[in-house]
């Protein structure tokens, strides 16, 4: 698994967010994207996920597969994609069912294991509205564990999490890297796992 | 009394009344049963709940 | 020495319910027994309408209940806004579905009572139309309860709407009556005329009291339900925060 | 192939169950459509007068206009709720085509809003003095027509997904497109002699909507995504 982006540029609302951006990630590598707010970190992640059109440049994945790039990616944005009046389990079970791919067909056990992994099994049958911000964030991240997708695109995954919870997330990210996955993470904090760095902001104002 | 041609309407009215009243009673009691069950399940988890009711 | 039971305190109120409900249930049963006997067996048919007048013994009491319950709900709403007490919220919330049901019963029995006389299931008679508008207001209140998540906020917002509704009901009543006379519809619907014979008044009184006591019983039970529902919500949140504490610190183990 | 424990439902099945659950639970807006429909029907006699003969003549039109407005004004949250909490991005990243996802969301919306309208219309028709035959006509035409209203309305919902006050704009956009459905719907509902022809045209319109609108709505969602 290798992902390479070259001469990327994305435009939104007539404004060039960033231009002529490139990076290459081999299996088992992580890329940390940092830069001031509004430098386009989220935009880059969404562009990689295929949620936003590219103004220029291209993103290639080797080995080439007929599956859309979006179906190889997990994207965790600021919003946790949780419906307040559904329970944590119902939310995650739906997302797992939605994001199923030919390579990974999680069952109910995988959903329960993911909740267990994120320390949410005690609150699994409570409506998401009752969860704290930290629990909601962990519930949002639980889909990373429930459905196996190689490319992880994480936007500020550690916000609203206390130290033990952050440790769990870092642990999961480390596990994904050692398993040969790829992570692009937008964050201000430095990460204990080895990452290449990509600074946005200066490039955007060329 | 039942000779009146419109007697059917009287019966219908009393049946509807019975149905509405029965529905209210059943709904209230079923709601109570459901809440007690959930309270017992929650009490088992947080150690309060039902005994708070018998305080 | 046990302090005076303060029924504003939910726990004391729950004990009141356990004590009072068997009593009111018995009274309701007795009243219904007598009322139904009088209404169905012991009262004469109307010289004009014949047997269908017996529907009046359901229609009029349920119309009275629709108004009575709205008054109960409005006073509870006033209590919610002035004293912000959860028990007033429970009284107000539990009354709404009961009021809706009695108003629905009033409309259906009114339609069944009118059908033999007018040949159609519904006539826009002034009184029936006013009850119908009251029914729409009740539906609005029940819908509003279901849409707002936080119980405290819901109670205050619904209380405001209930009181606004209460102010508007007389205005609606007046304008519907005027509307009805303006388009003087062909048939005039006579609801048991001003002077009801004693033989008909008695069953009417008994049925009205039995409906009222039925409501009191159901309302006490429904208030208890609301108290328990709020307790379930609080305990669920407690369980959630309790769950927060148990983040399994498992990063020590090697990744599986 | 990782396969463990009981299998999860198919993506579309899971989506349908989820939307139905959300609609019916606290905060869900399942019964709003029917109540709004009832209010619209209820206010007409106050404007037109209590004369049942007149009401019977315009009854089918009143019921259809009420159904049209109730459906359209209930659609603005169809995609907006998902867009706000991030679910829409995940729809775009699923291997299930967005068009089918749109179709399933319309089905869920129709089951919660459209179908109750069809079931309630005969009862509300009684208040407008409709006779049994007219009630059947209204119910049948609504049964076939409301799906088309939901489908076309979904395009409007997709177009206004990122707008703050999308609800009214949705109605303004979609009302002109819904005119054919309204014409043949009311014609079928009140058609004293010719019920079948307008009814079949209405079926045709609905089938066309079923086939075409998901593509338009999906396209709008993809382009609207910020």
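Protein chains in written order, with the working numbering: chain H, 917 to 1122; chain L, 30 to 84; chain P, 55 to 310; chain Y, 8 to 233.
Quick reminder that beta carbons are idealized off the backbone N, C-alpha and C, glycines included.
At a cut-off of 7 Å, the C-beta of residue 123/Y has no neighbouring C-beta in chain P.
Within the segment 1057–1103 of chain H, the complete alpha helix (DSSP H) segments of 4 residues or longer fall at 1079–1094, listed in chain order. Comparing alpha-carbon positions, the option among 110/P, 165/P, 267/P and 280/P lying closest to residue 258/P turns out to be 110/P. Chain P places no beta carbon closer than 7 Å to that of residue 1063/H, leaving this residue out of the contacts.
Judged by their CB atoms, residue 93/Y and residue 1102/H are not nearer to each other than the 7 Å cut-off.
Here DSSP, grouped into helix, strand and coil, assigns residue 934/H to strand. Judged by DSSP in its simplified three-state form, residue 111/P adopts helix.
In this structure, residue 991/H sits near residue 1069/H, with a CB-CB distance shorter than 7 Å. In this structure, DSSP gives residue 103/Y a state outside helix and strand, which the three-state scheme calls coil. Only 203 from the segment 194–213 of chain P bring a Cβ to less than 8 Å from some Cβ of chain H. C-alpha of residue 294/P to C-alpha of residue 1056/H: approximately 16 Å in a straight line. In terms of CA proximity to residue 1005/H, 1023/H leads the group 1104/H, 1023/H and 1106/H. Interface annotation, residue 167/P: not in contact with chain Y, CB-CB separation never under 7 Å. If you draw a 10 Å sphere on the C-beta of residue 232/P, you find fewer than 16 other C-beta atoms in it, and that means exposed. Contact annotation for residue 1042/H against chain P: 290, 291, 293, 294 and 297 [CB-CB distance below 9 Å, chain order]. In the displayed model, residue 284/P falls within a helix according to three-state DSSP. When Cβ-Cβ separations below 7 Å define contact, residue 1047/H makes contact with chain P. Under the three-state reduction of DSSP, residue 939/H is assigned to strand. For residue 962/H, the uninterrupted alpha helix (DSSP H) segment begins and ends at 957–965. At a beta-carbon threshold of 7 Å, the residues of chain L lying near residue 109/P are 38, 39 and 42, ordered along the chain. Straight through space, the alpha carbons of residue 165/P and residue 173/P are spaced by roughly 10 Å. Secondary structure note for residue 968/H: it is in no beta strand (DSSP E), with a DSSP letter that is neither H nor E.
Using a CB distance below 8 Å, the part of the segment 46–58 of chain L facing chain P consists of 46, 49, 50, 52, 53, 54, 56, 57 and 58, ordered along the chain.
Short of 8 Å from the beta carbon of residue 202/P, and not among the five residues preceding or following it, lie these beta carbons of its own chain, in chain order: 208, 211 and 212. Under the 7 Å criterion on CB atoms, residue 42/Y is classed as interfacial with respect to chain P.
In the three-state scheme derived from DSSP, where H, G and I count as helix and E and B as strand, residue 187/Y is classed as helix. Between the C-alpha atoms of residue 965/H and residue 956/H there is a straight-line separation of about 14 Å. Here residue 160/P is not bridged, per DSSP, to any residue. Counting only runs of 4+ residues, the alpha helix (DSSP H) found wholly inside the segment 149–220 of chain Y occupies 173–197, in chain order. With contact defined as three or more Cβ pairs closer than 8 Å, the segment 1033–1049 of chain H and the segment 55–72 of chain Y are not in contact. For residue 234/P, the chain Y residues whose C-beta falls within less than 8 Å of its own C-beta are 57, listed in chain order. Taking a cut-off of 8 Å on C-beta distances, the segment 1009–1028 of chain H does not touch the segment 1085–1101 of chain H, as fewer than three cross pairs fall below it.
In the DSSP assignment, the residues bridged to residue 950/H are 1115/H. When secondary structure is reduced to three states using DSSP, residue 919/H falls in the strand class. Assignment of residue 229/P by DSSP, reduced to helix, strand and coil, places it in the helix class.
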